[in-house]
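Chains as they are written, first to last, in UniProt numbering: chain A, 1 to 205; chain B, 1 to 508; chain C, 1 to 334. Glycine is no exception: its CB is placed at the ideal position from the N, C-alpha and C atoms. Everything numeric in this text was worked out from a predicted model, so none of it was measured.
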Amino acid sequence: MTSLVVPGQPLGPVSAYIPGPGVHIFNGQIVASLVGQVVTSPQTSSTPSSAATAAATKIPPTISVQKPVLTTDEETNATLLPEVSSTVLCRITRINARQATASIFVVNNHICGDEFQGVIRVQDVRLTEVDKVKIFNSFRPGDIVRARVISLGDQSNYYLSTASNELGVIMADSEMGDPMYPINWKEMKSTRTGVVEERKVAKPF
Amino acid sequence: MVSSSRIQCKGAADALGYCHPVRRWWVGDDDDDDDDDGDGDGDGDDEGKEGVAVNASGVDKSHACELVAISPYPTAEATWPSSAFLLGSDLKLKPKSKPDVEPCKQTTHFQMLHFEGSLDWVFLPVLSTSASLVSTKPLFSPMSSLTPQVDSGESLPPPPPPLTFSTSLFRQISPALYLQRHLLHSPPTRPNGRSPSQCRDFTLTTNSLSHAHGSAVVRAGDTAVVCGIRGEVLTIAPGDDPSRFESYHSSPTSATHACGSRGAGGASWGGLIVTNVELSTGCSKKYPLGPPGGLAQTLSDQLHELVNVTKLVSLDSLRIYDREDYSDVTPNAKIKGYWSLYIDVLCISLDGNILDAAWYAIVAALKSSRLPLASWNQTEERVFCDSSLYHPLSLRRSLPFTTTFALISLPHSDDNGGGTTVLLNDPDSYEEDEACEFLTILSTTDFEIVEGELSRSPLAGLRTRVEKIEKRGGCKIGLRQIESCTHQATSKAARYIQSLMKEQLTPI
Amino acid sequence: MAAKAPDRRRNNPPSHGTTPPVFLSSSSGPVKPKQSSRPPDEIRKIFLRTGLISSVTGSSFLEIAPLKLSVSVLGPRPLPRTSSTPFAAQAILTTEVKFAPFASTVRRGYIRDSSERDLGSRLYQALVGAIRRELYPKSRIEVVVTILDSEDEGDDVNTVYIEEGKTTVETKFWDAGRSERALGVVLAGCITAASAALADAGIEMFDMVSGGVATSFVDEVSLKGKDRGDAVSNKLYVRDPAIVPPEGKAPLATCVLGYMAARDEISELWISGKVGTKNGTAEMDELVDEAIAAARSARGVLNEASKERVKFIVDKSGTAPPTEGGTTDVEMSG
């Protein structure tokens, strides 16, 4: 259960297991790619999310055999990269009429080691009435936004989307620098002055 | 209809448990509450009109958990949802593990302090004071279909799962707030578990390198530096005048030079001592590889200045004379060359306050340096060294040490009655990023201890004196604070000198 | 050190230029260094520890006798935002090896010199094949090696000044293959330590690469003018050679390699020196086999060091089963 393996260590034949994260196949053998514990979970039909969390945790969830999952060890998951359809938290760094640029610092609830740059294009801000969206009324620099990766993008930017109810601004400061709270899906209100500003607000729960 | 709304805190840290935070955080009747205290109830009543504002005073202090509302909510309009940002913290700290000492003397510190309990930041929709409002209106109109259907009726609906952030996430999202929350706690505790005046433990190892004439490895928390000192011979050309190395040579660009007292005793002469700091060693992901950036250049210059201004090394131990025997220097012996000292500081791991660590490493490395005895050979007309005779560098009598503080300004809050500041001794890089002002105190420690007496009382006869105060940025540090910092610097200098002496006296 | 163009970003040596100290030895002949009592097929003790640097993704510290080096792994991090950077479907690996100025007999400058660049590119070759780079698109992985101390790496020619009465005699000693041996040991150490740091970083690899080095020696007399048939027969292979050759032996060739033990693959091979021509293949095979054996020994240390860190983390986090959210580190207390 708590046996530790190192990269290159064979774990078993391909026929016996379905390879999960942290392993690769070499010469018909499933071979470890990481240093860590061997995790075998019984269900083949386990959801991808549970597999992802199992990879992120340190201790195997079950003892049964079927799907070996090696665990990484660092708490901050520094090797995590944004992938298509992962949910990220990012901080808006600059905006223009066509897009908002953001730096991604959390991927799937795990802090990544380095900040990755992403853009939210104007057509990806919301699902409906796309042609009426104005970036300026959706995001401001400094906002913390929950978004989803829709494409790896070009060489420097990941493409992000907030076109969903639960995606959008989750934290923002007003122009005066006060924290704001959401009052509806497109407005936030300053806690101090009561001034209302427009944002593409994420559903708060 | 609930007239008094407040957040009940039950089981303190348990209430902020990751699994079921919502079950414990509740707004409404205090039916199952164990009645925090009268004060809490009173607050609740009062705040029923102005919305939900929970602050430290509203919660029983005896609980390990503290609630701090970020701001009072203008709920006069009773718009839904007003949200409370709650921070609960269970600030019981314990060191995770003791640093274990490695045989190579490069010590391992897994010295992170961690919270026992949770420090979750809860983005919790605080239900309005009016229960009917909650139960009838769609909560979030455009998304009503997605919200869990609330039961109408007398009982309050089960609250939706709040948006919670784990401690590490909160730390990342809002560093300033995270730091402030810790420092506003009473007693103020830094995220790393230290008190504001507490510096990190440090370890010192000297002379562990084989090719350097003197070396020191200093590890303070997660900052680790290696300093190596290497002497090279500078031969004075026949027609050259050695006086340029003898006189204090101040470069016109440097203002600090003018402040240093001129006169014999130190050695900055003509750049005989060359100090450099290297950060491009992969010591931190923040500093790119390649040529030295701003910080590395500034540090190199700062330390170079410090070595020179403090006159750390006495010039006499750098002179190379023309003499046949190694007896004492006769007055008419001619100076034929100098030792030039290369002080190279490599940062291996960077977690803030590299200046103190680097300076301490430099002092310790100089203290442990042994140069071979060099003399001018007339027949060969060059300087030869004797591989069997080494002599220590003579340093100035009282060794100066730096202590750096970072200033964090706290926002206005009820607790402290206005915006105040906290000075943090020996900041780590997380604190450095949020600091708006820095203070470095260079203090000197005189040690008048005969070696034999050291064991009796290591700190007896220590006398400290402030030599230099440097303040960078801002205008918030006042005289009073500088004074208290000076006391801290003094005690730290005493610790430095103590560990330095211990290292020196330890037989290799 | 000769005066060079001043580096505007650093403090520079005095304009006069300085020279390293020259020692005058009173005895005749070079000082006989101490011979190690280590058997030739045994490598020196390796101290390897990972995860010492908290602010980078992965790190390791390695010590083999005098050699001390620290490796940081940064990344996978975003590619630099220049317009010239093409889209990279695989992670881009960069390796840098730098000696500290005080790491060798001659003080090194801060600017990377040719041997450091050479070591860097060899380290790249050794590691690049082992990393599952396709898992990390659009990113780069940086391996930075800082050598704090090394065995006297010096030159092949040693000049010794001997004092004879009033005069001094300058004598040169030829010590062939000295720098190859020294650099070989350094490179092998870099490879092993870098693998440990990559493993510590949690970067997926096909196998861990360990470095091995071996040198073939012959009797000093047989090297001089004799036919090489004899020399081949009494060859002495030394794994992980020290800088001092064994008594009465002269080095022939040094082999350094990066070896993936689990796959039995060589990712990097560097042989320098004289490998026989007549039955050259056999000679080379023997030398390579010796280096592989050294690499296998190093791999044992590498495995243990990598596991040690994980074990530490597992012990630290307790044996409680993970919760759904994976936040096992949150403990409840009343």
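Asked: Nearest-angstrom Cα separation, counted from Ala295/C out to His237/B; Found: Looking at the sequence itself, residue 237/B is Ala, so the reference to His does not match. Near 51 Å, if we compare the C-alpha coordinates of Ala295/C and Ala237/B.
Asked: Ile477/B: contacting residues in chain C (beta-carbon distance under 8 Å); Found: Chain C residues near Ile477/B: none, gap ~27 Å exceeds 8 Å.
Asked: Any non-hydrogen atom of the ligand SAH within 8 Å of Ile18/A CB; Found: With respect to small molecules bound, the structure shown includes none, and the ligand SAH cannot be examined in it.
Asked: Under 7 Å (Cβ pairs) to chain B, residues found in the stretch 119-147 of chain A; Found: Ile144
Asked: Contact set between Asp207/C and chain A, taken where Cβ atoms lie within less than 7 Å; Found: Pro7 and Gly8
Asked: Opening and closing residue of the beta strand (DSSP E) in which Arg344/B lies; Found: The residue you asked about is not Arg; residue 344/B is Asp in the sequence shown. Asp344/B -> beta strand (DSSP E) spans Lys334 to Ser349.
Asked: Interface partners of Ser115/C on chain B, CB under 9 Å; Found: Ordered by position in chain B, no residue passes the 9 Å Cβ test against Ser115/C, which lies about 16 Å from the chain.
Asked: Exposure of Met188/A, with buried meaning 16 or more beta-carbon neighbours within 10 Å; Found: buried
Asked: Option in Val238/C, Arg299/C and Ile243/C with minimal Cα separation from Met260/C; Found: Arg299/C
Asked: CA-to-CA distance, Glu278/B to residue 554/B, given in whole angstroms; Found: Chain B is shown only over 1 to 508; residue 554/B falls outside these bounds and no answer can be derived.
Asked: DSSP state of Lys492/B mapped onto helix, strand, coil; Found: helix
Asked: Within-9 Å CB hit, Pro6/C to chain A; Found: no
Asked: Contacts around Glu180/C, its chain only, beta-carbon distance under 6 Å, and the 5 residues preceding and following it disregarded; Found: Thr254 and Ser272
Asked: Coarse secondary structure for Pro74/B, derived from DSSP in three states; Found: Annotation note: pLDDT 29 at Pro74/B (below 50); position unreliable, coordinate value reported separately. Note: Pro74/B maps to coil in three-state DSSP.
Asked: DSSP-derived helix/strand/coil call for Thr379/B; Found: coil
Asked: CB contact flag (Gly142/A, Ala172/A, <9 Å); Found: yes
Asked: Inter-residue Cα distance where the pair is Gly352/B and Ile243/C; Found: 39 Å
Asked: The stretch 125-141 of chain A / the stretch 83-96 of chain C touching (three or more Cβ pairs under 8 Å); Found: no
Asked: The stretch 143-150 of chain C contacting the stretch 94-110 of chain C, beta-carbon criterion three pairs below 8 Å; Found: yes
Asked: Between the CA atoms of Met501/B and Gly221/B - distance to the nearest angstrom; Found: 21 Å
Asked: Given 8 Å, three or more beta-carbon pairs between the stretch 103-112 of chain C and the stretch 79-86 of chain C; Found: no
Asked: Which listed residue (Ala333/B, Ile354/B, Arg396/B and Pro188/B) has its alpha carbon closest to that of Lys311/B; Found: Arg396/B
Asked: Selection from Ser306/C, Cys190/C, Leu119/C and Val301/C that minimises the alpha carbon distance to Ile43/C; Found: Val301/C
Asked: Short-range partners of chain C found in the stretch 358-392 of chain B, where Cβ spacing is below 9 Å; Found: Leu371, Pro372, Ala374, Asn377, Thr379, Glu380, Arg382, Val383, Phe384, Cys385, Asp386, Ser387 and Ser388
Asked: Distance between Leu306/B and Arg495/B (C-alpha atoms, nearest Å); Found: 20 Å
Asked: Proximal residues to Lys334/B (C-beta, below 6 Å), its chain only, five neighbours per side dropped; Found: Asp322
Asked: Own chain, CB closer than 8 Å to Arg98/A, minus 5 neighbours either side, in chain order; Found: Arg121, Val122 and Ile135
Asked: In DSSP terms, what Pro78/C is bridged to; Found: Ser139/C
Asked: Residues that DSSP places opposite Lys468/B in a beta bridge; Found: Leu442/B
Asked: Contact check, Ala202/A vs Pro182/A, beta carbons under 9 Å; Found: yes
Asked: Beta-carbon proximity list for Val119/A, same chain, < 8 Å, skipping 5 on both sides; Found: Gln99, Ala100, Thr101, Ala102, Gly153, Asn157, Tyr158, Tyr159 and Leu160
Asked: Residue-level contact to chain C via CB, Asp73/A, 9 Å cutoff; Found: Here the model assigns Asp73/A a pLDDT of 33, short of 50, so the residue's position is not dependable and the matter cannot be decided.
Asked: C-beta neighbour in chain B for Pro20/C, strict 9 Å; Found: yes
Asked: Environment of residue 509/B [buried if 16+ CB atoms lie within 10 Å]; Found: Because residue 509/B is not part of the residues shown, which for chain B are 1 to 508, the question remains open.
Asked: Beta-bridge partners of Gln37/A, as assigned by DSSP; Found: Leu4/A
Asked: Ser429/B: contacting residues in chain A (beta-carbon distance under 8 Å); Found: Result: empty, since nearest Cβ-Cβ is about 15 Å, beyond 8 Å.
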